[in-house]
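Engineer: Using our numbering, read the sequence shown as starting at 23 and increasing by one per residue.
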Amino acid sequence: MARQPGRMRRPALLRHEHHADPHAAPDGEPDRTAARDRMKTPDSYSDDAGDAAAAASDGDYAIVLAGHGSRDPDGVDEFMALVALLRARAGGRTVAHGFLEFATPTIDEAVAAVVAGGAKTVVMVPGVLLAATHAKNDMPSELLALKQAHPEVDFRFGAAMDLHPKLLALCRERIVEAEGRSARTVSRADTCLVVVGRGTSDPDANADIAKLTRMLEEGMGFGTSLVCYAGTARPLVADGLKAAALLGYRRIVVLPYFLFDGVLVKRIYGAAADLAARHPELEVLAAPWLGVHPHVADVFLERAREGIEGRAAMNCALCKYRVQIVGFEEQVGTPQQGHHGLVRGLLGRNGAAPAPTTDWPPYVPHPIEAESMRIIDAGRDWSGVPADHQIVLKRLVHTSGDFDIVDDLYFSPGAVETGIRALLRCRRIVADVTMVQTGLKRAVLDQLGVETWCGVHDEETRLLAEAHGITRSAAGIRRAWQKFGNDVVVAIGDAPTAIVELVRLVREHGWRPQLVVGLPVGFVGTRESKEALRRLMQVPRITNRGTRGGSPWAASAVNALMIAAIDQVYRQTQSQQQQA
Numbered sequence: 023m024a025r026q027p028g029r030m031r032r033p034a035l036l037r038h039e040h041h042a043d044p045h046a047a048p049d050g051e052p053d054r055t056a057a058r059d060r061m062k063t064p065d066s067y068s069d070d071a072g073d074a075a076a077a078a079s080d081g082d083y084a085i086v087l088a089g090h091g092s093r094d095p096d097g098v099d100e101f102m103a104l105v106a107l108l109r110a111r112a113g114g115r116t117v118a119h120g121f122l123e124f125a126t127p128t129i130d131e132a133v134a135a136v137v138a139g140g141a142k143t144v145v146m147v148p149g150v151l152l153a154a155t156h157a158k159n160d161m162p163s164e165l166l167a168l169k170q171a172h173p174e175v176d177f178r179f180g181a182a183m184d185l186h187p188k189l190l191a192l193c194r195e196r197i198v199e200a201e202g203r204s205a206r207t208v209s210r211a212d213t214c215l216v217v218v219g220r221g222t223s224d225p226d227a228n229a230d231i232a233k234l235t236r237m238l239e240e241g242m243g244f245g246t247s248l249v250c251y252a253g254t255a256r257p258l259v260a261d262g263l264k265a266a267a268l269l270g271y272r273r274i275v276v277l278p279y280f281l282f283d284g285v286l287v288k289r290i291y292g293a294a295a296d297l298a299a300r301h302p303e304l305e306v307l308a309a310p311w312l313g314v315h316p317h318v319a320d321v322f323l324e325r326a327r328e329g330i331e332g333r334a335a336m337n338c339a340l341c342k343y344r345v346q347i348v349g350f351e352e353q354v355g356t357p358q359q360g361h362h363g364l365v366r367g368l369l370g371r372n373g374a375a376p377a378p379t380t381d382w383p384p385y386v387p388h389p390i391e392a393e394s395m396r397i398i399d400a401g402r403d404w405s406g407v408p409a410d411h412q413i414v415l416k417r418l419v420h421t422s423g424d425f426d427i428v429d430d431l432y433f434s435p436g437a438v439e440t441g442i443r444a445l446l447r448c449r450r451i452v453a454d455v456t457m458v459q460t461g462l463k464r465a466v467l468d469q470l471g472v473e474t475w476c477g478v479h480d481e482e483t484r485l486l487a488e489a490h491g492i493t494r495s496a497a498g499i500r501r502a503w504q505k506f507g508n509d510v511v512v513a514i515g516d517a518p519t520a521i522v523e524l525v526r527l528v529r530e531h532g533w534r535p536q537l538v539v540g541l542p543v544g545f546v547g548t549r550e551s552k553e554a555l556r557r558l559m560q561v562p563r564i565t566n567r568g569t570r571g572g573s574p575w576a577a578s579a580v581n582a583l584m585i586a587a588i589d590q591v592y593r594q595t596q597s598q599q600q601q602a
């Protein structure tokens, strides 16, 4: 299966190589005093530190806690306090820390320091709650680079924290802490628990939040529970809290399932305060996040030992990179790659400015391609053709070998510029058939970080087509609408029925793709579908008249836009460097 494109990569791993080896105050603001109380010094936990130290393995290894990093100094300070607690409970073992993004030291700097200190075995432990993209992808990619940089060192990888019993116990502690600050006595049966997770693109990690929530609901006797997310998953925090307010419970307890304070935790508390202001009849209690606590430190130490002993494990049975999960079938086999290069150690740089993209290259065509484009430039009078249209038209002439197609093409106003912006911003192309998908230039996709999706051969597409009596191409377009919403560029090069379905979704259901490239070939319904697309005023579009077209045409048009996007970024980069 073709690998999914991404940003400029660190060396890629085979997927899952690592498996083997505050309460709101009356004004609605979080109680920062309570948070500071939880950030105790390691000495304050000295009574039970000995038990954790005794449980540590006797092997000689160093631990590197790999954190995500944050723009928020409160989150970074808490992480540092946890590292101090970890050291106090590690029985004298070397414990270092590094960050994927924003904060310093970076992970590679932390590893270099422990190696310079004499460590021969290093276990990297993801400083994250759940096994999502960072633990499955970014951190293993870091580990591969470290193995190449330090071949003399034995590197191991620990699992994410996951739903550990100690973390469940800590969640209970935080909930009881929130309840204890209320002057009211409210039965748990009259209380709705809302757990707010980070929210990721990994459905397995998002589902773990739902499992945690259900276990807390049943274990603590809440009347009901809801799940929402502060990141990319849905429902978002505000929507989840609105839903909870409609259920008729006297009290809502909001638990942020986060390790540390930060931008997203503050967003959660803000949403809880807004809900309390809108519904004075409800008592809204914002529980503390997990924070710096012996349970957290002990789980990290346990994950380090498991990594050293070869027992680190994640839930491979429902991992979208290993098995075909409903809705994520195309992600099986995606290689591991890092995505944090531009913000690595950002806050440690002078002026906290992103590193300049000096390595952004222009598009360089093959010599035969360059000669072909020279011939096309000289092959007709292009003076009457708008410059932006020429970007696509010359590529289509190159693909078809026919100058006469120029007069049949239709561009809605601003379609080319809109398409270029959409590729740079949305970074997702939907194709009606795999021939369009495979016709897209892989190197260009990789440089732009654009993902492609074609659902025509998916099992759900087959079921949808059979259930509704439509073609699989049309069903694939319907799935794209359901799956991605408006932030897509749609390229149709084979099936007129795909255009018919797209037109229907735009007119009847308000779908608004950023750009539609509709260039199918054939004699049955082809002219009519493209004419319907040409008249579709609601979306930017590129199409043509007649029966000519095809998957190579649609792919070529999108390739032209991506090449133009690369050159646009290159020109901007060169201009910025000259001004600097």
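Backbone N, C-alpha and C fix where the C-beta goes; we use that ideal spot for every residue, glycine too.
Keep in mind it's a predicted model, so treat the numbers as computed, not measured.
(1) Determine the burial state of Ser163: buried for a count of at least 16 other Cβ atoms within 10 Å of its Cβ, exposed for fewer.
(2) Out of Ser247, Leu323, Arg289 and Val198, state which residue places its alpha-carbon closest to the alpha-carbon of Leu104.
(3) So the candidates are Gln536, Leu297, Pro535 and Leu165; which of them puts its Cα closest to the Cα of Thr128?
(4) Helix or strand or just coil, what does DSSP make of Leu248?
(5) State yes or no: is the C-beta of Asp94 within less than 8 Å of the C-beta of Leu152?
(6) What is the residue span of the beta strand (DSSP E) that Thr565 lies within?
(7) Any idea which residues DSSP pairs Met146 with across the strands?
(8) Per DSSP, Arg450 forms a beta bridge with which residues?
(9) Would you decide whether Glu331 is buried or exposed? Buried here means 16 or more other CB atoms lie within 10 Å of its CB.
(10) State the DSSP-derived secondary structure class of Val276, mapped to helix, strand or coil.
(11) Assign Arg371 to one of three DSSP states: helix, strand, or coil.
(12) Considering only C-alpha positions, which residue in the set Pro310, Leu238 and Glu100 is nearest to Glu199?
(13) In chain order, which beta strand (DSSP E) runs of at least 3 residues are fully inside the region 541-587?
(14) Identify, in the order they occur along the chain, each residue of the same chain with its Cβ nearer than 6 Å to the Cβ of Gln459, setting aside the five sequence neighbours on each side.
(15) With distances taken Cα to Cα, identify the nearest neighbour of Leu524 among Val472, Ala106, Met559 and Phe282.
(16) Phe433 and Ala334: beta carbons closer than 8 Å?
(17) Below 8 Å between beta carbons: does that hold for Trp575 and Leu418?
(18) Using the Cβ count rule (16 or more neighbours within 10 Å means buried), how would you classify Ile398?
(19) If you scan the region 271-327 from start to end, which runs of the beta strand (DSSP E) of 3 or more residues do you find wholly inside it?
(20) If distances are taken between C-alpha atoms only, which option among Ile85, Arg557 and Tyr385 comes closest to Gly120?
(21) Out of Gly97, Leu281, Glu393 and Leu527, state which residue places its alpha-carbon closest to the alpha-carbon of Ala502.
(22) Please classify Phe124: is it buried, with 16 or more other beta-carbons within 10 angstroms of its beta-carbon, or exposed?
(23) Enumerate in chain order the residues of its own chain whose CB-to-CB distance from Ala326 is below 7 Å, with the five nearest sequence positions on each side excluded.
(24) For His315, count the other beta carbons within 10 Å of its own beta carbon; 16 or more makes it buried, fewer makes it exposed. Which is it?
(25) Exposed or buried, what is Glu328 when buried is set at 16 or more other beta-carbons lying within 10 Å of its beta-carbon?
(26) Using the DSSP secondary-structure output, state which residues sit across from Val466 in a beta bridge.
(27) Taking the alpha-carbon positions, what's the Leu5 to Lys142 distance?
(28) According to DSSP, what are the bridge partners of Gly120?
(29) Ignore the nearest five residues each way along the sequence and tell me which others in Asp430's own chain have a CB closer than 8 Å to its CB.
(30) By the 10 Å Cβ neighbour count, where 16 or more other Cβ atoms means buried, how is Ser495 classified, buried or exposed?
(31) Going by beta carbon distance, what residues of the same chain come within less than 7 Å of Lys233, once the five residues before and after it are set aside?
(32) With distance defined between alpha-carbon atoms, name the residue in Thr155, Leu445 and Ala554 nearest to Pro535.
(33) When the Cα atoms are used, what is the spatial distance from Ser209 to Ile514?
(34) Evaluate contact between the region 241-255 and the region 209-225, counting only Cβ atoms and requiring at least three cross-stretch pairs below 8 Å.
(35) Taking only three categories from DSSP, how would you classify Val235?
(36) Which residue from Leu238, Leu269, Cys214 and Gly89 puts its Cα closest to that of Met183?
Structural biologist: The answer reads as follows:
(1) In the sequence shown, counting from the first residue as 1, residue 163 sits at position 141. Classification of Ser163: buried, given that the 10 Å Cβ count is 16 or more.
(2) Position 82 of the sequence shown, counted from the start, is the residue given in the question as residue 104. For the residues Ser247, Leu323, Arg289 and Val198, the minimum Cα distance to Leu104 belongs to Leu323.
(3) If you number the sequence shown from 1, residue 128 lands on position 106. Relative to the Cα of Thr128, the nearest Cα in the group Gln536, Leu297, Pro535 and Leu165 belongs to Leu165.
(4) What you label residue 248 is simply residue 226 of the sequence shown in a count that begins at 1. Taken through DSSP and simplified to helix, strand or coil, Leu248 comes out as strand.
(5) Taking the first residue of the sequence shown as position 1, residue 94 is located at position 72. Taking the first residue of the sequence shown as position 1, residue 152 is located at position 130. In terms of Cβ geometry, Asp94 and Leu152 do not form a close pair [threshold 8 Å].
(6) Looking up residue 565 in the sequence shown gives position 543. According to the DSSP assignment, Thr565 belongs to the beta strand (DSSP E) that extends over Arg563 to Asn566.
(7) Here residue 146 refers to the residue found at position 124 when the sequence shown is read from its first residue. The partner list for Met146 (beta bridge, DSSP) reads Val86 and Phe179.
(8) For the purposes of this step, residue 450 is identified with residue 428 of the sequence shown, where counting begins at 1. Arg450 has Glu473 as its beta-bridge partners, per DSSP.
(9) Residue numbering aside, residue 331 sits at position 309 when the sequence shown is read from its first letter. Counting of Cβ neighbours within 10 angstroms places Glu331 among the exposed residues, the total staying below 16.
(10) Sequence index remark: in the sequence shown, residue 276 carries index 254 (1-based). Looking at Val276 - three-state DSSP - the assignment turns out to be strand.
(11) By one-based count along the sequence shown, residue 371 stands at place 349. Unreliable positioning characterises Arg371 in this predicted model, as indicated by a pLDDT of 42, which lies under 50. A coordinate reading is not provided.
(12) Here residue 199 is taken as the residue at index 177 of the sequence shown, counted from 1. Among Pro310, Leu238 and Glu100, the Cα nearest to that of Glu199 is on Pro310.
(13) Listed in chain order, they are 563-566.
(14) As a working mapping, residue 459 is identified with position 437 in the sequence shown. Excluding residues within five positions, the ones whose Cβ falls inside 6 Å are Ala453, Thr474 and Cys476.
(15) Indexing the sequence shown from 1 puts residue 524 at position 502. With distances taken between Cα atoms, Leu524 lies closest to Met559.
(16) By one-based count along the sequence shown, residue 433 stands at place 411. By one-based count along the sequence shown, residue 334 stands at place 312. The answer is no: Cβ separation not under 8 Å.
(17) Along the sequence shown, read from residue 1 onward, the residue named residue 575 stands at position 553. Along the sequence shown, read from residue 1 onward, the residue named residue 418 stands at position 396. Taking 8 Å as the Cβ cut-off, Trp575 and Leu418 qualify as a contacting pair.
(18) Numbered from 1 along the sequence shown, position 376 holds the residue referred to as residue 398. By the neighbour-count criterion, in which a residue is buried when 16 or more other Cβ atoms sit within 10 angstroms of its Cβ, Ile398 is buried.
(19) Entirely contained in the region 271-327, the beta strand (DSSP E) runs reaching 3 residues are, in chain order, 273-278 and 305-308.
(20) Along the sequence shown, read from residue 1 onward, the residue named residue 120 stands at position 98. Ranked by Cα distance from Gly120, the first of Ile85, Arg557 and Tyr385 is Ile85.
(21) Against the sequence shown, residue 502 aligns to sequence position 480. Looking only at Gly97, Leu281, Glu393 and Leu527, the smallest Cα-Cα distance to Ala502 is reached by Leu527.
(22) The residue labelled residue 124 in the question sits at position 102 within the sequence shown. Buried, since its Cβ has 16 or more Cβ neighbours within 10 Å.
(23) Counting from one through the sequence shown, the residue named residue 326 turns up at place 304. The residues Ile85, Val145, Val147 and Gly180, in chain order, have a CB closer than 7 Å to that of Ala326 in the same chain once the five nearest residues on each side in sequence are set aside.
(24) The residue labelled residue 315 in the question sits at position 293 within the sequence shown. That one is buried.
(25) On the sequence shown, position 306 is the one that residue 328 refers to. Buried, because 16 or more other Cβ atoms sit within 10 Å of the Cβ of Glu328.
(26) Counted from its first residue, the sequence shown places residue 466 at position 444. Beta-bridge pairing by DSSP links Val466 to no other residue.
(27) Outside the shown range of the chain, which is 23 to 602, sits residue 5, and nothing can be said about it.
(28) Within the sequence shown, numbered from 1, the residue matching residue 120 stands at position 98. According to DSSP, Gly120 bridges with Ala88.
(29) Here residue 430 refers to the residue found at position 408 when the sequence shown is read from its first residue. Cβ-Cβ distances below 8 Å link Asp430 to Asn566, Arg567, Gly568 and Arg570 in the same chain, with the five nearest sequence neighbours on each side left out; the list follows chain order.
(30) Sequence index remark: in the sequence shown, residue 495 carries index 473 (1-based). Residue burial is scored here from C-beta neighbours: Ser495 has at least 16 other C-beta atoms within 10 angstroms and is therefore classed as buried.
(31) As a first step, residue 233 is located in the sequence shown; it is residue number 211 there, counting from the start. The residues are Leu185.
(32) Along the sequence shown, read from residue 1 onward, the residue named residue 535 stands at position 513. With distances taken between CA atoms, Pro535 lies nearest to Leu445 out of Thr155, Leu445 and Ala554.
(33) Stepping through the sequence shown from its first residue, residue 209 is reached at position 187. Stepping through the sequence shown from its first residue, residue 514 is reached at position 492. Ser209 and Ile514 have their C-alpha atoms roughly 57 Å apart.
(34) The answer is yes - the region 209-225 touches the region 241-255, with three or more Cβ pairs under 8 Å.
(35) Indexing the sequence shown from 1 puts residue 235 at position 213. The identity of residue 235 in the sequence shown is Thr, whereas the question assumes Val. Judged by DSSP in its simplified three-state form, Thr235 adopts helix.
(36) Start at 1 with the first residue of the sequence shown, and residue 183 comes out as number 161. Here the closest residue by C-alpha is Gly89.
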